[in-house]
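Reading through the structure tokens given below for one structure.
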Amino acid sequence: MPTSIVETDIAKLDAADPLAGFRKQFELPAGLVYLDGNSLGALPTRTSARTAQVLATEWGERLIRSWNISGWMEMPTRLGDKIGRIIGAAAGQVISADSTSINVYKTMAAALAMRPERRVILSTEDNFPTDLYMIQGLMQQLGDRHTLKLVDGEHIAEYITDEVAAVTLTHVNYKTGRMYDMPGITAKAHQHGALTMWDLAHSAGALPVHLDDCMADFAVGCGYKYLNGGPGAPAFLYVATRHQNSFSQPLSGWLGHAAPFAFTNDYAPADGIGRYMCGTPPVLSMSALECGVDMMIEADMQRIRAKSLALTDLYIQLINESCARHFGHEGLQLATPTQRETRGSQVSWQHPQGYAIMQALISLGVVGDFRAPDIIRFGVTPLYTSYADIWRAAQTLCQVLDQRLWDQPQFQQRKKVT
Ligand SMILES: *Cc1c(COP(=O)(O)O)cnc(C)c1O
17 MPTSIVETDI AKLDAADPLA GFRKQFELPA GLVYLDGNSL GALPTRTSAR TAQVLATEWG
77 ERLIRSWNIS GWMEMPTRLG DKIGRIIGAA AGQVISADST SINVYKTMAA ALAMRPERRV
137 ILSTEDNFPT DLYMIQGLMQ QLGDRHTLKL VDGEHIAEYI TDEVAAVTLT HVNYKTGRMY
197 DMPGITAKAH QHGALTMWDL AHSAGALPVH LDDCMADFAV GCGYKYLNGG PGAPAFLYVA
257 TRHQNSFSQP LSGWLGHAAP FAFTNDYAPA DGIGRYMCGT PPVLSMSALE CGVDMMIEAD
317 MQRIRAKSLA LTDLYIQLIN ESCARHFGHE GLQLATPTQR ETRGSQVSWQ HPQGYAIMQA
377 LISLGVVGDF RAPDIIRFGV TPLYTSYADI WRAAQTLCQV LDQRLWDQPQ FQQRKKVT
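For reference, each letter of the sequence shown is one residue, going 17 to 434 in the numbering used here.
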């Protein structure tokens, strides 16, 4: 890392940034430093025009005919193939559908059905709650025959044994930004005959993912985070081709049927990834998501990763240089790995006053978020985060700590969404 950084260096970094042109393709409020794109991505300018067209022409004028003439019916697979390009999946293995939570259910049901003699589901204590909740619901549906074993992520590989049916991990931890070794853990799982299910909520669009190369079995992920699909955007799921016809998932809705418009009374799953569909795709939301995904494809994922690492390195370095007096057990502690290989695209700090610190930051125009009990999170989205944003975020965090701005009653009031 370079020694002491000054503001003029920051301007040079932004001037030399090959991704800088993308920022003006987003609607970002002037003066705001937005570091929450890992929770809700920013609005791409093209999305407004495209959704207006879908409303006025495709829905308003063409009405029901649009299912055939506006490409509505193909949206889940068309969008899935595009997302596949971002996560290293060849065509025909990804669909856009439902929510991440529902996709956890469908893919885990498939994984467990494919290992009927095994009873252990292995995951980590720090996994995202909805993944664990959905698995608990599934286990109940299956007659409480399985055990969900939650272990310390540092040592996950040691717990993979021949009893394990499926290993399920969130690739990049939502709180700390720590990234798991997808190739290594997948290989270890396969040595023991276990299947893997990866949650890519904080990976898709954030960093290069190579599902096919890793021989991953199943994956799920979000559309509204790094893919900039809009609030509640449809999610996606991946099933490797070799597994697609092994099992038909339990949410056997008509659009996963081999011939939905035959209207027969018995379910017969479609061949391939199509059987992971359930009901009618949300066309309006999907057309918005497609804009975000198209933009991500136009930007090279290697460039996104290089800039993401440079931005997170910079943030850590700036805080180390200017805020060191606030470090300590009762003060600020870095929660994100300093090693680049295990870092996602965010920087998180722990602080006992984390909630109020974040509220103070937001009041000063630096938007990140808070995750209980004590994590402040700053997501880095290289398509629209600039080096100057990171500079201002670091300056403002120091100001909040130096001036104890968090210690004001209006910042201590907990809101519903943190
Ligand atoms: C954001 C997130 C989800 C969200 O799931 P929804 O069904 O979209 O609410 C799931 N898993 C992880 C790891 C997440 O970070």
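C-beta: ideal position from N, C-alpha, C; glycine also. All of these numbers come straight from a predicted model, not from anything done at the bench.
- Taking 8 angstroms as the cut-off, the Cβ atoms of methionine 195 and histidine 206 do not count as close.
- In terms of Cβ geometry, leucine 330 and threonine 296 do not form a close pair [threshold 8 angstroms].
- Between the beta-carbon of glycine 153 and that of threonine 257 there is about 28 angstroms, and that puts the pair past the 8 angstroms contact cut.
- Going by DSSP, aspartate 114 is part of no beta strand (DSSP E) at all; its letter is neither H nor E.
- Collapsing the DSSP output to three states places lysine 165 in a strand.
- Between ligand 1 and the CB of threonine 123, the shortest heavy atom gap is not smaller than 7 angstroms.
- Secondary structure at valine 382: strand, using DSSP grouped into helix, strand and coil.
- Between valine 255 and the set Met302, Val120 and Ala27, the nearest pair of CA atoms involves Val120.
- Burial check for proline 398: the Cβ neighbour count within 10 Å reaches 16 or more, so the residue is buried.
- The distance from the Cβ of glycine 221 to that of leucine 243 is about 5 angstroms, consistent with a contact at the 8 angstroms cut-off.
- Under the 8 angstroms Cβ criterion, the stretch 170 to 182 does not count as touching the stretch 55 to 69, having fewer than three qualifying pairs.
- DSSP places serine 364 in the strand class (E or B) of the three-state scheme.
- For aspartate 33 and isoleucine 332, the gap between their C-alpha atoms comes out near 19 angstroms.
- Cβ neighbours of glycine 169 within its own chain (closer than 8 angstroms, five residues either side excluded): Thr140, Glu141, Asp142, Leu185, Asn189, Arg194 and Tyr196.
- Annotation for threonine 146: the continuous alpha helix (DSSP H) segment containing it runs 145 to 157.
- The Cβ neighbour count for leucine 71, taken over all protein chains shown within 10 Å, is under 16; the residue is labelled exposed.
- Considering only Thr202, Lys122, Gly87 and Ala31, the residue with the shortest C-alpha distance to glutamine 157 is Lys122.
- Distance from the C-beta of tyrosine 371 to the nearest heavy atom of ligand 1 is not below 7 angstroms.
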